[in-house]
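Okay, so here's the structure we're looking at.
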Amino acid sequence: MSAPHPVLLIATRKGAWLLHGDTERQHWRLDGPHFLGHIINHLVLDPRDGRTLLAAASTGHLGPTLFRSTDLGANWQEVAQPPAFAPAADGSGRSVKHTFWLEPGPADEPGVWYAGTSPQGLFRSADGGDTWAPFSCLNDDAQYREWMGSEQDGTPDGPKLHSIQIDPRDPAHLYIAMSGGGVHESTDGGRSFAPLIDGLDVVEGFPRDQPTFHDPHCVRLCPSRPDRLYQQNHCGIYRLDRPATTWQRIGDSLPEAVGDIGFPLVVHPRDADTLWVFPMDGTAVWPRTSPDGRPAAYRSRDGGNRWQRLDHGLPTEQAWWTVKRQAMCADLEAPLGLYLGTTSGEVWGSADEGDSWTCLARHLPEIYAVTIGYPRD
Amino acid sequence: MRVLIPSALHDYTHAPWVEAQGETLGALLDDLDRQFPGLRFRMVDEQGHIRRHMRCFIGGVQIFALSHPLATADEVLIVQALSGG
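These protein sequence lines are chains D and Y, in that order.
Residue numbers 1 to 377, in our numbering, belong to the letters of the first sequence in order.
Residue numbers 378 to 462, in our numbering, belong to the letters of the second sequence in order.
Okay, here's the thing in structure tokens:
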């Protein structure tokens with residue numbers, strides 16, 4: 001059997017592409033478009049079987065659905081039952097606008113997947129993503145519904161549930177995040193959740209103890225130290241080492257002109273002290289561009305105490321793109337490879353942990369997500 | 378009865394015109410979903426509401442209620458609303 005080669009799975013506003021790399025990560029071949037014209041929010045290969053590929057899809061007119069492939073996109077099949085809220089007898093219930101986040105379940109539960117939706121909902125599949133059911137009390141719980149706010153309270157393209165993180169030591173221990181609505185933890189397999197928001201800032205003037213006013217952009221659990229979480233929030237970058245429950249702000253030492261606002265956050269799969277962020281301009285009206293038109297990743301190798309700017313190879317001026325919360329990821333190689341997809345449709349890669357960057361693809365539609373996969377025969 | 382399908386749903390029907398039966402618009406969509414699995418959820422959400430950008434016309438009149446009765450001789454036009462840029 002040949003050595004596994006990485007495939008970067010690219011989800012965009014107008015379709016999906018697969019970027020096939022060789023084992024040296026030197027040459028990349030772009031395959032696509034798949035689903036041209038469809039809005040693809042997430043495209044994920046199941047790391048447990050290396051075969052099952054799920055795509056979260058919608059269009060401007062049609063309702064949301066998921067597609068599934070077991071041959072790397074040569075053939076796609078629509079799933080039998082995509083995520084949908086429970087019907088309310090009086091028709092007043094919510095409807096899923098799109099599935100935003102797809103998360104494969106733990107290693108010892110093959111076939112289990114979780115999904116986060118817009119508006120905020122949590123769903124589970126036990127059959128490899130073919131049929132989905134509402135998961136946990138969260139979707140229809142009165143307190144959680146209040147914390148979720150209305151659809152007008154969410155992000156510009158709809159409020160969403162994201163960052164489903166499963167403790168690799170205990171599949172009953174989960175974290176989820178909601179924009180808006182805060183970070184929440186379950187220790188009983190999702191039967192109940194509780195807020196985990198102490199120490200997080202909120203927009204000035206609002207109470208910090210109300211989950212409604214919290215906007216976590218991206219939460220990541222460290223695979224090499226599952227008691228450590230990092231978070232890129234609307235109001236800064238944070239770290240939490242359990243069993244502590246108070247987040248510590250670690251973005252304050254980023255340059256003042258750059259700030260610690262952004263969307264994506266990537267953790268090193270083998271080193272819990274190493275993480276990357278991609279700051280954006282979050283001042284005034286929130287331009288959501290790279291600060292000063294000069295994009296850069298920032299890396300910390302000491303848990304967020306000190307940061308290093310990483311922009312070698314990236315445009316040095318007049319580059320007004322940024323990176324969305326699902327559009328930055330790492331592979332599993334050594335040295336670690338990093339990948340990011342931009343709002344202007346470029347894919348950049350680094351084979352040296354961010355020290356230098358190369359453009360791998362350009363002229364794609366606005367990129368919503370990139371994930372790495374290692375296909376197996 | 379004859380049903381006109383919008384291009385966005387041709388991946389399901391592979392034809393612009395199909396035959397389907399039902400005493401109401403809702404029953405007609407159920408029959409379409411039996412023939413073309415998955416089609417109904419792309420048009421109607423889980424709360425039973427026709428999605429924002431989908432429109433149904435019978436005899437030139439726009440129909441909003443899934444309970445609207447149909448006659449055998451009716452011709453149903455399903456179209457995408459003109460929207461977007």
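From the three backbone atoms N, C-alpha and C, an ideal C-beta is built for every residue, glycine too.
Given the structure is predicted, the values throughout are model-derived calculations rather than measurements.
Tell me where the alpha helix (DSSP H) around residue i begins and ends.
i, result
"D:Glu185", "It is not in any alpha helix (DSSP H) - D:Glu185 instead sits in the beta strand (DSSP E) that spans 182-186."
"Y:Asp388", "387-390"
"D:Met148", "142-148"
Whose CA, out of the options, lies closest to the CA of residue i?
i, options, result
"D:Gln326", "D:Leu314, D:Thr316, D:Val266", "D:Val266"
"D:Ile380", "D:Gly180, D:Gly303, D:Gln210", "Because chain D here runs from 1 to 377, residue 380 of chain D falls outside it and cannot be looked at."
"D:Thr322", "D:Gly313, D:Ala297, D:Pro243, D:Leu310", "D:Ala297"
"D:Asp46", "D:His34, D:Gly313, D:Glu109", "D:Glu109"
"D:Arg29", "D:Gly129, D:Glu366, D:Pro243, D:Cys359", "D:Cys359"
"D:Ala84", "D:His98, D:Gly73, D:Ala74", "D:His98"
"D:Gly282", "D:Asn305, D:Arg301, D:Val258, D:Ser300", "D:Val258"
"D:Tyr374", "D:Leu19, D:Lys14, D:Arg13", "D:Leu19"
"D:Phe100", "D:Arg13, D:Glu346, D:Cys235", "D:Arg13"
"D:Gln231", "D:Pro6, D:Trp247, D:Arg225, D:Arg294", "D:Trp247"
"D:Arg191", "D:Phe67, D:Ser290, D:Pro171", "D:Pro171"
"D:Asp140", "D:Gly158, D:Leu340, D:Pro119", "D:Pro119"
"D:His268", "D:Pro226, D:Arg249, D:Val285", "D:Pro226"
"Y:Cys433", "Y:Arg419, Y:His426, Y:Asp451, Y:Ile455", "Y:Ile455"
"Y:Ala385", "D:Phe35, D:Gly189, D:Pro6, D:Gly21", "D:Phe35"
"D:Pro168", "D:Leu310, D:Pro291, D:Trp76, D:Pro104", "D:Pro104"
"D:Ala334", "D:Leu62, D:Gly354, D:Gly341", "D:Gly354"
"D:Pro315", "D:Trp307, D:Pro295, D:Ser300", "D:Pro295"
For the beta strand (DSSP E) that residue i lies in, which residues bound it at each end?
i, result
"D:Glu103", "98-104"
"D:Gln308", "308-310"
"Y:Ala396", "For the record, residue 396 of chain Y in the displayed sequence is Glu; it is not Ala. Residues 394-396."
"D:Arg124", "121-125"
"D:Met280", "Per DSSP, D:Met280 belongs to no beta strand (DSSP E) and is neither H nor E."
"Y:Gly403", "Counting along the chain, Y:Gly403 falls outside any beta strand (DSSP E), though it belongs to the alpha helix (DSSP H) covering 402-412."
"D:Met328", "328-330"
"D:Thr117", "113-118"
"Y:Leu381", "379-381"
"Y:Ser384", "Where Y:Ser384 is concerned, there is no enclosing beta strand (DSSP E), given that its DSSP letter is neither H nor E."
"D:Ser69", "65-69"
"D:Ala297", "297-300"
"Y:Ile440", "438-440"
"Y:Val453", "453-457"
"Y:Cys433", "431-435"
Since residue i contacts residue j with CB under 8 Å, what's their CB separation in whole angstroms?
i, j, result
"D:Ser186", "D:Leu174", "5 Å"
"D:Pro287", "D:Ile261", "Not a contact, Cβ separation roughly 11 Å."
"Y:Gln457", "Y:Met431", "7 Å"
"D:Ile367", "D:Ala330", "So it is not a contact: roughly 16 Å between Cβ atoms."
"D:Pro159", "D:Glu151", "6 Å"
"D:His312", "D:Trp357", "7 Å"
"D:Gln284", "D:Val219", "In the sequence as presented, Gln is not what sits at residue 284 of chain D; that position holds Ala. Wrong, their Cβ atoms sit about 26 Å apart, outside the cutoff."
"D:Arg48", "D:Ala89", "With a Cβ gap of about 39 Å, D:Arg48 and D:Ala89 do not count as contacting."
In the DSSP output, which residue or residues are listed as bridge partners for residue i?
i, result
"D:Asn233", "D:Pro216, D:Gly236"
"D:Ala11", "D:Ala16, D:Ala369"
"Y:Glu423", "Its beta-bridge partners do not exist; DSSP assigns none."
"D:Pro195", "D:His184"
"D:His34", "D:Ala16"
"D:Arg94", "Its beta-bridge partners do not exist; DSSP assigns none."
"D:Lys160", "D:Ser179"
"D:Gln165", "D:Tyr175"
"D:His42", "D:Ala56"
"D:Val79", "Answer by DSSP bridge pairing: none, since D:Val79 is not bridged."
"D:Ala361", "D:Val347"
"D:Val203", "In the DSSP output, where bridge partners are listed per residue, D:Val203 has none listed."
"D:Arg249", "D:Tyr238"
"D:Ala265", "This sequence places Leu at residue 265 of chain D; Ala is not what is there. Answer is D:Val277."
Spatial neighbours of residue i within its chain, please: C-beta separation below 7 Å, excluding the five flanking residues on both sides.
i, result
"D:Leu102", "His42, Val44, Leu54, Ala56, Trp113, Ala115"
"D:Gln81", "Thr131, Trp132"
"D:Val96", "Pro64, Pro83, Ala84, Phe85, Thr117, Gly121"
"D:Gly111", "Ala126, Asp127, Gly128"
"D:Gly32", "Gly15, Ala16, Trp17, Leu18"
"D:Gly93", "Phe85, Ala86, Pro87"
"D:Leu138", "Leu122, Tyr144, Phe193"
"D:Glu78", "Thr65, Phe67"
"Y:Glu400", "Pro446, Leu447"
"D:His363", "Gly345"
Between residue i and the rest of its own chain, which residues show a CB-CB distance below 6 Å, the 5 nearest in sequence each way excluded?
i, result
"Y:Leu409", "Ala397, Leu416"
"D:Ala351", "Arg25, Gly337"
"D:Arg228", "Cys222, Asp241, Ala272"
"D:Ala369", "Ala11, His42, Gln326, Ala327"
Who are the Cβ neighbours of residue i in its own chain at under 8 Å, not counting the five residues just before and after it?
i, result
"D:Met1", "In this prediction, D:Met1 scores a pLDDT of 48, lower than 50, which makes its location untrustworthy; no coordinate-derived value is stated."
"D:Pro365", "Thr12, Arg13, Lys14, Gly15, Gly345"
"D:Gly149", "Pro159, Gly180, Gly181, Thr212"
"Y:Ala442", "Leu402"
"Y:Arg428", "Arg419, Met420, Val421, Asp422"
"Y:Pro393", "Leu381, Ile382, Ser384, His387"
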